[in-house]
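What follows is the structure, encoded as structure tokens:
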């Protein structure tokens with residue numbers, strides 16, 4: 015189209031459509047165009063990308079998060095602020111500033127009340143950047159609160175969502191906030207592993223890979239990224255192996271606070287659709303990974319223990335998703351696989367290392383047995399067809415035969431073909447009561463069809479008698495029915511139907 019219009023530069027909106035609709039990265043499009051002496055309008059492409067991200071962000075901000083974005087919080091003064099101390103500590107003291115119950119601000123809450131509250135300082139991480147919020151407890155002199163989630167409202171207020179387990183709590187109370195340490199550590203392992211995965215994907219697949227979304231919790235990590243095709247088994251192995259190599263290297267994970275411009279000059283990877291403050295947090299894992307990130311991380315990659323990819327699939331045009339587990343989750347995953355292998359080997363009566371060969375041997379044996387069974391079925395059908403053929407009636411010059419057989423649909427068709435060959439000019443109507451329903455088939459030879467035979471009409475009429483329906487071509491038709499007690503009556507009706515059909 016560009017050659018036809020004598021254009022040398024692909025417009026940004028068209029390049030973006032290739033990316034957004036068909037999954038073609040701009041870098042790949044640019045390379046292809048360069049080979050034929052053309053180029054891409056990258057500025058226009060980036061503008062289109064920016065507009066899309068702004069639309070997505072606006073849509074997200076309009077969403078209510080578990081009741082977090084309610085008037086009780088959105089109307090709060092900007093002076094109400096929570097200092098986050100959770101990078102350095104998992105337990106800290108603070109003061110209750112706001113309590114909300116049933117969507118209304120209250121001064122106090124009692125045992126078993128479901129509430130959310132704001133503290134002046136907290137070690138609890140509020141869900142953002144793909145990382146889930148912390149859980150734990152908030153304890154005062156008179157009460158204990160179980161915190162089930164921690165979220166940030168669209169206007170930046172950090173709220174702790176939970177239930178009063180005992181006692182009563184009031185605004186102004188001095189409290190101790192305690193994050194669930196084990197859960198936070200599991201989340202941090204997964205978050206650092208996500209950074210390693212991002213770097214490994216760019217290393218193995220190319221620098222066109224960009225993060226398109228993520229979810230990090232205590233059980234697993236999920237990472238969405240731009241790529242134009244599914245990863246091969248070899249690519250997945252390379253990515254997984256590279257991440258585990260960096261874990262074993264024991265890379266120090268360090269953070270820096272830099273200006274946004276300084277961070278970009280350092281080469282830190284940033285999300286295209288994120289709005290960053292003037293001062294940003296840069297998270298580095300050795301010299302392997304460097305990203306702008308506000309999440310929590312472990313101090314050394316060796317703490318991750320193990321990284322295991324459990325799935326890879328597509329979620330949108332040009333977007334792939336990897337799910338993985340680390341640490342205890344990876345150990346549990348491997349142990350479960352080992353259990354399955356042992357059980358499978360036990361069924362096969364083989365050692366684990368010999369199980370694949372044993373399974374292959376059994377599969378080949380089953381295939382051979384299936385062939386033998388098919389041969390036997392053919393012989394049985396031939397014998398059955400001889401017996402059934404002897405019961406045929408000649409109606410107006412056509413050999414008509416009916417029978418009930420304990421066969422599936424394919425078996426009925428095979429038997430019908432054999433009977434047609436034996437009987438010549440013929441109509442064959444067979445029924446099977448195998449399973450929980452009745453199946454009828456009707457077949458008519460070409461010369462019988464010329465005389466007016468129509469299998470579709472035959473099965474339609476007899477199926478009605480047995481409480482069913484069906485139809486088909488003149489030479490072949492099929493029907494189903496429910497009433498097995500009416501099968502004999504239905505087949506007896508064939509004679510009259512054929513007599514009326516053949517003129």
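Numbering (the numbering used here), first residue to last: 15 to 517.
Ideal placement from N, C-alpha and C gives every residue a C-beta, glycine not left out.
Can you tell me which of the three DSSP states residue i falls into?
| i | result |
| --- | --- |
| residue 241 | coil |
| residue 56 | helix |
| residue 320 | coil |
| residue 513 | helix |
| residue 146 | coil |
| residue 43 | helix |
| residue 30 | helix |
| residue 266 | strand |
| residue 477 | helix |
| residue 105 | strand |
| residue 360 | helix |
| residue 447 | coil |
| residue 407 | strand |
| residue 301 | coil |
| residue 75 | Reliability fails at residue 75, whose pLDDT of 43 lies under 50, so the model's placement of it is uncertain and the value that follows must be treated cautiously. Reduced to three states, the DSSP call for residue 75 is helix. |
| residue 218 | helix |
| residue 435 | helix |
| residue 191 | strand |
| residue 228 | strand |
| residue 465 | coil |
At a cut-off of 7 Å, would you count residue i as near the ligand NAD, judging by its Cβ distance to the nearest heavy atom?
| i | result |
| --- | --- |
| residue 443 | Looking for the ligand NAD in the displayed structure turns up nothing, as the structure carries no ligands at all. |
For residue i, collect the residues of the same chain with a Cβ closer than 6 Å to its Cβ; drop the 5 residues on either side in sequence, then sort them by chain order.
| i | result |
| --- | --- |
| residue 192 | 105, 150 and 151 |
| residue 255 | none |
| residue 55 | 23, 25 and 26 |
| residue 146 | 231 |
Of the residues the options, which one's Cα is nearest the Cα of residue i?
| i | options | result |
| --- | --- | --- |
| residue 330 | 280, 226, 459 and 135 | 226 |
| residue 445 | 464, 415 and 408 | 415 |
| residue 133 | 100, 480, 108 and 458 | 108 |
| residue 130 | 503, 383, 177 and 240 | 177 |
| residue 28 | 58, 311 and 332 | 58 |
| residue 243 | 340, 334 and 477 | 334 |
| residue 506 | 489, 475, 128 and 516 | 475 |
| residue 300 | 316, 194, 137 and 294 | 316 |
| residue 402 | 417, 169 and 513 | 417 |
| residue 325 | 237, 312 and 332 | 237 |
| residue 436 | 413, 375 and 52 | 413 |
| residue 448 | 420, 429, 398 and 425 | 420 |
Compare the beta carbon distance of residue i and residue j with 8 Å and say whether it is the shorter of the two.
| i | j | result |
| --- | --- | --- |
| residue 443 | residue 494 | no |
| residue 63 | residue 30 | yes |
| residue 491 | residue 473 | yes |
| residue 469 | residue 439 | no |
| residue 230 | residue 201 | yes |
| residue 318 | residue 203 | yes |
| residue 277 | residue 250 | no |
| residue 228 | residue 208 | yes |
| residue 369 | residue 211 | no |
| residue 195 | residue 90 | no |
| residue 372 | residue 364 | yes |
| residue 103 | residue 137 | yes |
| residue 486 | residue 477 | no |
| residue 356 | residue 348 | no |
| residue 296 | residue 269 | yes |
| residue 410 | residue 503 | no |
Give me, in chain order, the residues of the same chain whose beta-carbon lies closer than 7 Å to that of residue i; leave out the 5 immediate sequence neighbours on both sides.
| i | result |
| --- | --- |
| residue 77 | Low confidence applies here, because residue 77 scores a pLDDT of 40, under 50, leaving its location unreliable; read the following figure in that light. Excluding residues within five positions, none has a Cβ falling inside 7 Å. |
| residue 61 | 26 |
| residue 434 | 440, 442, 457 and 459 |
| residue 82 | No answer about residue 82 holds up, because its pLDDT of 43 lies below 50 and its placement is not dependable. |
Identify, in the order they occur along the chain, each residue of the same chain with its Cβ nearer than 8 Å to the Cβ of residue i, setting aside the five sequence neighbours on each side.
| i | result |
| --- | --- |
| residue 314 | 264, 265, 266 and 267 |
| residue 496 | 451, 452, 480, 481 and 482 |
The region 116 to 128 in contact with the region 212 to 227 per 3-pair CB rule at 8 Å: Output reads no: the region 212 to 227 does not touch the region 116 to 128.
Measuring CB atoms only, is the region 110 to 120 touching the region 181 to 200, in the sense that at least three cross pairs come out at less than 8 Å? yes
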